[in-house]
Amino acid sequence: MTESLPVDSATKTSELFRAPDADIVYRSSDGVRFRIHSKNLESTTGILRPGKLDLQEEVELTEEAKILELLFQFIYPQRQPDISSLSFMTLALLAEAAEKYEVFPAMGLCKIHMAMIKDHTVHILSFAIKHGYKDLVDEAAPLTIGKPLSEVASALPSHIILPWVRGSILC
1 MTESLPVDSA
11 TKTSELFRAP
21 DADIVYRSSD
31 GVRFRIHSKN
41 LESTTGILRP
51 GKLDLQEEVE
61 LTEEAKILEL
71 LFQFIYPQRQ
81 PDISSLSFMT
91 LALLAEAAEK
101 YEVFPAMGLC
111 KIHMAMIKDH
121 TVHILSFAIK
131 HGYKDLVDEA
141 APLTIGKPLS
151 EVASALPSHI
161 ILPWVRGSIL
171 C
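Numbered by our numbering, the letters in the sequence shown go through residues 1 to 171 in order.
1) Can you give me the C-alpha to C-alpha distance between residue 123 and residue 156, rounded to a whole angstrom?
2) Can you tell me whether residue 1 is buried or exposed? The criterion is at least 16 other CB atoms within 10 Å of its CB, across all chains shown.
3) With contact counted as at least three CB pairs below 8 angstroms, one residue from each stretch, are the region 111 to 120 and the region 76 to 91 in contact?
4) Can you tell me where the alpha helix (DSSP H) holding residue 85 begins and where it ends?
5) Taking the beta strand (DSSP E) that residue 14 falls in, what are its first and last residues?
6) Would you grab the beta carbon distance between residue 12 and residue 25 for me? Rounded to a whole angstrom, and I think it's under 8 angstroms.
7) Tell me whether residue 117 sits in a helix, a strand or coil according to DSSP, three-state version.
8) Comparing alpha-carbon positions, which option in 44, 29, 36, 77 lies nearest residue 67?
9) With H, G and I counted as helix, E and B as strand and the rest as coil, what does DSSP make of residue 151?
10) Looking at residue 47: is its Cβ nearer than 9 angstroms to the Cβ of residue 102?
11) Checking the sheet assignment: what are the DSSP bridge partners for residue 60?
12) With burial defined as no fewer than 16 other Cβ atoms inside 10 Å of the residue's Cβ, what is the status of residue 14: buried or exposed?
13) Considering only heavy atoms of the ligand MN, does any lie closer than 8 angstroms to the CB of residue 105?
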């Protein structure tokens, strides 16, 4: 999948999300606008719902446009984007955004793709712990055994470090 983003340079609006009848406008951290239909948000998200936000003229989000472009595709009744060829960093950012905004269709698919990755295991373990994915924790944790403590300690929550060290010593 290409990492480039089709943007109308005159209005700095996403080419995919520029419907004139959309009733919510989100703006990415890099200034790209996304015109979204609230009815789609109501049925597919938990946090981005109109009733959950203080809707101003534009709602500023902290994610870059390339992540929001992917994320917002999950809220419409259409074929979901193919995320299988995303770089790990893009997948990780998409997965975090999906969790943050509770974009339910994206959450499950991102989790499945994270489970298929056999490198970046410390980051995947951290993600799984943070979002309560016990099955993913169980898959990723053994793959982190033998990783340097400094790498693991910088990525995992502090309350997990000691159990991880104990597990590493026992293996």
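For glycine and all other residues, C-beta sits at the position ideal for the given N, C-alpha and C.
Concretely, from the data shown:
1) 8 angstroms
2) For residue 1, the pLDDT reaches just 42, beneath the cut-off of 50, and the residue's location in the model is therefore unreliable, although a value from the coordinates is still provided. Flag for residue 1 reads exposed.
3) yes
4) No alpha helix (DSSP H) holds residue 85; DSSP gives it neither H nor E.
5) 13 to 18
6) Rounded, the Cβ-Cβ distance is 11 angstroms, inconsistent with contact.
7) coil
8) 29
9) helix
10) yes
11) 27
12) buried
13) Inclusion of the ligand MN in the displayed structure is not the case, the ligand content being empty and no account of it being possible.
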